[in-house]
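Numbering (my numbering), first residue to last: 1377 to 1708. Each remark here refers to the structure printed beneath this line.
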């Protein structure tokens, strides 16, 4: 299949052959999952990698898609967890780090590890520490997330919710995946939703506002969500090749407290000599922070983009700042 698409001008950059192998998916094909043990995955990868290389494809294998973060460093009682150690420790029987056509990464999904705040932080810290203990050069991806199930009684994947609280929740998860787990890729599920769930960025309904799939094929209503715009506060400005740099708030030091109040992260584009700063305000109150930019040379304006209950990436240019910033703000 990869060879076919490559020859037609649409090559696959990556192949991810297993999805959430920790779950027992059953016989009915109602979801896209691949239950498998680490040993079964390793055996398959050792067959697949040489085949990809022999076919002359530039496609690489992106391994992981763990059901949740703690399957990367623990949860191995049934031989399906501890995947960082299992697949990338050279002394492991399931080591695949040297298989041809392997992308040197491990991926996980952020489901079921986002609340309470201590869990949000601990799961990602543990995975990052395990990765560094096994091989600091190994990349980690967050390869699937959407608003699913009950979120500690505060939010819910059903029915559809598209307000700012849901958008800020997405931003909060992205922040911790980028700054605690230090992922180098962050991916959303799913882009266009036709059902009554909170996991979409863009929604399509039938002309009456319902969920008649047949009616949607010829007419309907297209609407956005704050999930879309809050994701955009990251994805529009943090582009491939940029590096995260240290950023902190003078009055918020405890990560668990920050998760319910104010968060900041910053990203540098060395080639363009630009920075993107993302500020998140989880409270209902406004607050002013002054950037410390004493080491920056005079330059261009600061441009801010705000997403709130009433704004969606609303742009504002200020000529009172030095250097060039794209400040991305999210708030209620």
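Quick reminder that beta carbons are idealized off the backbone N, C-alpha and C, glycines included. Here the structure is a predicted model, which means the values were calculated and not measured.
Item: Boundaries (first-last residue) of the beta strand (DSSP E) holding residue 1517; Value: 1515-1520
Item: Counted within 10 angstroms of its Cβ, other Cβ atoms place residue 1696 as buried (16 or more) or exposed; Value: Residue placement at residue 1696 is poorly supported in this model, since its pLDDT is 45, which falls under 50; the coordinates still yield a value, given next. With fewer than 16 Cβ atoms within 10 Å of its Cβ, residue 1696 is classed as exposed.
Item: Rounded Cβ spacing between residue 1515 and residue 1544 (contact assumed at less than 8 Å); Value: That belief does not hold up - the Cβ atoms of residue 1515 and residue 1544 are roughly 27 Å apart, past 8 Å.
Item: CA nearest to the CA of residue 1607, picked from 1642, 1419, 1429 and 1689; Value: 1689
Item: Cβ contact check for the region 1556-1570 and the region 1517-1526: 3 or more pairs under 8 Å; Value: yes
Item: Residue 1705, DSSP secondary structure in three states; Value: strand
Item: Alpha-carbon spacing of residue 1700 relative to residue 1684, whole angstroms; Value: Unreliable positioning characterises residue 1700 in this predicted model, as indicated by a pLDDT of 39, which lies under 50. The coordinate reading is nonetheless provided below. Those two C-alpha atoms are separated by around 23 Å.
Item: Nearest-angstrom beta carbon gap, residue 1456 and residue 1393 [assumed within contact, 8 Å]; Value: Not a contact, Cβ separation roughly 15 Å.
Item: DSSP three-state assignment for residue 1688, whether helix, strand or coil; Value: coil
Item: Beta carbon of residue 1542 nearer than 8 Å to that of residue 1603; Value: yes
Item: Extent of the continuous beta strand (DSSP E) run through residue 1620; Value: 1619-1621
Item: Sequence ranges, beta strand (DSSP E) only - wholly within the region 1547-1624, length at least 3; Value: 1578-1581, 1597-1599 and 1619-1621
Item: Per-residue DSSP class, three states only, for residue 1497; Value: helix
Item: Where residue 1459 sits in the DSSP three-state scheme; Value: helix
Item: Local conformation of residue 1635 per DSSP, three classes; Value: coil
Item: Stretch-stretch touch, CB-based, cutoff 8 Å, three pairs: the region 1498-1511 with the region 1528-1543; Value: no
Item: Under the three-state DSSP convention, the category residue 1451 falls into; Value: coil
Item: Per-residue DSSP class, three states only, for residue 1467; Value: coil
Item: Proximity winner among 1581, 1433 and 1559, relative to residue 1389 (alpha-carbon distances); Value: 1433
Item: Residue 1403, buried or exposed, once every other Cβ within 10 Å from all chains shown has been counted against 16; Value: exposed
Item: Residue 1652 in three-state terms, based on DSSP; Value: strand
Item: For residue 1484: DSSP bridge partner residues; Value: 1442 and 1518
Item: Alpha carbon of residue 1599 to alpha carbon of residue 1406, nearest angstrom; Value: 26 Å
Item: Reduced DSSP secondary structure (H/G/I, E/B, other) of residue 1541; Value: helix
Item: C-alpha distance - residue 1609 paired with residue 1548, whole-angstrom precision; Value: 12 Å
Item: Spatially closest choice to residue 1412 from 1440, 1429 and 1426, by CA coordinates; Value: 1440
Item: Reference residue 1408, options 1414, 1399 and 1416, closest by Cα; Value: 1399
Item: Beta-carbon spacing of residue 1588, residue 1595 below 8 Å; Value: no
Item: Residue 1448 vs residue 1506 beta-carbon contact at 8 Å; Value: yes
Item: Segment limits, alpha helix (DSSP H) that includes residue 1679; Value: Premise fails: residue 1679 lies in the beta strand (DSSP E), 1678-1683, not in any alpha helix (DSSP H).
Item: Inter-residue Cα distance where the pair is residue 1491 and residue 1658; Value: 15 Å
Item: Bridge partner(s) assigned by DSSP for residue 1333; Value: For residue 1333 there is no data in the structure shown, the boundaries of the chain being 1377 and 1708.
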